[in-house]
Amino acid sequence: MPHPSANLFDLIVARAGRPGQMALEAPDATALTYAGLFERSGRAANALVALGVKPGDRVAAQIEKSTDVIVLALACLRAGAALLPLNTAYTLAELEYFLSDAEPALTVCRPAALGAVRDLGRRLGLNAVESLGVARDGAFAERIAAEPAEFETIPRAAGDLAAILYTSGTTGRSKGAMLSHENLASNALTLIDVWRFTGGDRLIHALPVFHTHGLFVAVNVALLAGATMIWQNRFDPDAVIAAMPVATALMGVPTFYTRLLDHPGLTREACANMRVFISGSAPLLAETHAAWRARTGHAILERYGMTETNMITSNPYDGERRAGTVGFPLPGVGVRIADPETGAPVANGEIGVIEVRGPNVFGGYWRMPEKTAQEFRPDGFFITGDLGLIDADGYVHIVGRAKDLVISGGFNVYPKEVETVIDAIEGVLESAVIGLPHPDFGEGVSAVVAPRPGMTPTEAGVLAALEGQLAKFKTPKRVFFVDALPRNSMGKVQKALLRETYKDTFR
Ligand code: AMP
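Under the numbering used here, the residues of the sequence shown are numbered 3 to 509, in order.
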């Protein structure tokens, strides 16, 4: 059926569940049926307009997770504004960068931060600052309550801006990835097909909602399938396990799965009603995949994507979900492996940089045309910066980030290859391989190891176990031990932090 406009909100309405069906199931009064969600988003859209938000404007939100984050996201779509969700961990100094870069027409913050953010806004000439709390408290919640529910959704073209998501910015300044209505809609519809989501699904939503995984993959798939989300404001293994008997799907980062494996309540019976467990945002250890399968009978379905491109590949729903791979390119998404320097395609099975083209790929970085141009090939492929290969069966493997590549004595060392060998050593839970400044070699390969609980591997022991397994230039010159690898909220190992911690090792 043709839609009056390409506004993602119209598509959500066209595909929604029954009005009385739960869209966001929550244990308290913030739960919303589909009818309730649409009504509240209309009130919130009226509030945005009353505050001066116009089509094309940005709305920044640094608020705790609650169902009202989704209300605000839908209200932005309806008002034709672009949502700019911000990690709640960002400090006021970081917020200053995002606000001065994006110049939002409205900033929504946590009630406790209202005074400080209003001061900041005044200093930057951004005077519209409202607060929104997790229990429908705060100035913006009051406005929502006071506005009428009817709102005529603003028509949007496919390429119009729907959201700006700032990348985590591990190198240099964080960049705002501009995502269009079509980017988000096309990707969610593809994922619904590939993962077989229907209106009968009940998705456990325990991810943060300032990131593409929780905000777009989970929410858009669920809403466009007319499914129900079991809404949890934070990840709590007890709560996830308690929800599983009445749920059908979970989307998580690898840390969810390792934390759930530590829980005695994770059993085959507890998972009996579950249809699919999906993992992404960071590499899932093959060992976690195997342990999950042994414990629950389910093969975790791993997929790969990034803020700029939405989802790129997925292991198959039917067919072999191969541990340690991220599966096949999604339908309609072009994936190729290229030489990082020249952009020329590499031979089958060779490692290179992963490049992507399709309706899922973003339009560019906010106010950074030169940076944007550098990251696209002339034929429109986006250079992800991830290094990978496509094996003989067509599965995509990720071997690390281009910027994590270690070059030691002129030789390329792919951290993942070394980590895989180290992880197989007795007493090792997991490892991170990094390059540290080295006077002779440029970079010296080094490993940071988290031991298994109760085990105490030593540097000499690890190095002895690596003898004969890896070429000399790939073998770590030093091995450090930590209780746990440092990870960000999406479960990514913070290699930049490790490089900083050990930077003087060889100097
Ligand atoms: P973000 O933009 O924060 O979602 O980060 C995207 C990056 O996360 C990608 O470029 C990859 O480096 C990494 N990533 C996402 N999913 C996976 C996965 N399944 N396996 C390995 N790395 C992943």
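We treat Cβ as the ideally placed atom computed from N, Cα and C, and that holds for glycine.
Chain-order list of residues whose beta-carbon lies under 8 angstroms from that of residue i (same chain, five-residue window excluded)
{"i": "G19", "result": "A25, Y36, G201, G228, A229, T230"}
{"i": "G429", "result": "P453, R454, M457, T458, P459, G463"}
{"i": "I243", "result": "L262, H265, G267, L268, A272"}
{"i": "G411", "result": "D442, F443, G444, F475"}
{"i": "H399", "result": "G326, T327, V328, G390, L391, I392, D393"}
{"i": "V423", "result": "L468, Q471, L472"}
{"i": "A293", "result": "L263"}
Residue i burial status per 10 Å Cβ neighbour count (16 or more: buried)
{"i": "G135", "result": "buried"}
{"i": "N222", "result": "buried"}
{"i": "K67", "result": "buried"}
{"i": "S316", "result": "buried"}
{"i": "M3", "result": "Low confidence applies here, because M3 scores a pLDDT of 45, under 50, leaving its location unreliable and the question unanswered by this model."}
{"i": "P266", "result": "exposed"}
{"i": "H5", "result": "Residue placement at H5 cannot be trusted, given a pLDDT of 49 that sits under 50; what the coordinates show is reported in the next sentence. Answer is exposed; the Cβ neighbour count stays below 16."}
{"i": "P150", "result": "exposed"}
{"i": "P333", "result": "exposed"}
{"i": "F142", "result": "buried"}
{"i": "V337", "result": "buried"}
{"i": "K56", "result": "exposed"}
{"i": "S102", "result": "exposed"}
{"i": "T327", "result": "buried"}
{"i": "Q64", "result": "buried"}
{"i": "E357", "result": "buried"}
{"i": "G493", "result": "buried"}
{"i": "P380", "result": "exposed"}
{"i": "G58", "result": "exposed"}
{"i": "T344", "result": "exposed"}
{"i": "D485", "result": "exposed"}
{"i": "T93", "result": "exposed"}
{"i": "L500", "result": "buried"}
{"i": "V51", "result": "buried"}
{"i": "A159", "result": "exposed"}
{"i": "R60", "result": "buried"}
{"i": "K405", "result": "exposed"}
{"i": "R204", "result": "buried"}
Closer than 7 angstroms: residue i CB and nearest the ligand AMP heavy atom
{"i": "H399", "result": "no"}
Beta-carbon proximity list for residue i, same chain, < 6 angstroms, skipping 5 on both sides
{"i": "H207", "result": "A220, M231, W233"}
{"i": "A75", "result": "L85"}
{"i": "P21", "result": "Y36, A37"}
{"i": "E310", "result": "A179, F364"}
{"i": "V15", "result": "none"}
{"i": "D320", "result": "none"}
{"i": "V408", "result": "V415, G437, E445, V447"}
Sequence-distant residues of the same chain with beta carbon closer than 7 angstroms to residue i, five excluded per side
{"i": "R489", "result": "T257, V495, Q496"}
{"i": "G402", "result": "L389, Y416, P417, K418"}
{"i": "E27", "result": "A33, T230, M231, I232, W233"}
{"i": "N129", "result": "G123"}
{"i": "V481", "result": "A449, V451, E461, V464, L465"}
{"i": "F508", "result": "L438, P439, H440, P441, G446"}
{"i": "C111", "result": "Q64, I65, V119, V131, S133"}
{"i": "A77", "result": "S43, A46, A47, L50"}
Residue interval of the beta strand (DSSP E) (run including residue i)
{"i": "E445", "result": "444-453"}
{"i": "V398", "result": "398-403"}
{"i": "T298", "result": "From DSSP, T298 is part of no beta strand (DSSP E) but of the alpha helix (DSSP H) over 288-298."}
{"i": "R175", "result": "Looking at the DSSP string, R175 is not in any beta strand (DSSP E), and its letter there is neither H nor E."}
{"i": "Q23", "result": "That residue, Q23, is in no beta strand (DSSP E); it is neither H nor E in DSSP."}
{"i": "F279", "result": "278-281"}
{"i": "G463", "result": "First-last for G463: 461-468, but that is the alpha helix (DSSP H), not the beta strand (DSSP E)."}
{"i": "A62", "result": "60-64"}
Residue i: first and last residue of the uninterrupted alpha helix (DSSP H) it sits in
{"i": "L122", "result": "116-126"}
{"i": "G387", "result": "Run containing G387: none in the alpha helix (DSSP H); it sits in the beta strand (DSSP E), 384-392."}
{"i": "I194", "result": "183-197"}
{"i": "Y168", "result": "Unbroken run through Y168 is the beta strand (DSSP E), 163-168; no alpha helix (DSSP H)."}
Near the ligand GDP: residue i beta-carbon under 7 angstroms from a heavy atom
{"i": "E372", "result": "This structure lacks the ligand GDP; its bound ligands are the ligand AMP."}
Below-8 angstroms beta-carbon distance, residue i vs any chain B residue
{"i": "D395", "result": "The chain labelled as chain B is not found in the depicted structure, where only one protein chain is given."}
Exercise. Can you pull every residue whose C-beta falls closer than 7 angstroms to some heavy atom of the ligand AMP, listed in chain order?
Worked result: T169, S170, H213, T214, H215, S281, G282, S283, A284, P285, L286, E304, R305, Y306, G307, M308, T309, E310, V328, T386, G387, D388, I400, R403, M492, K494
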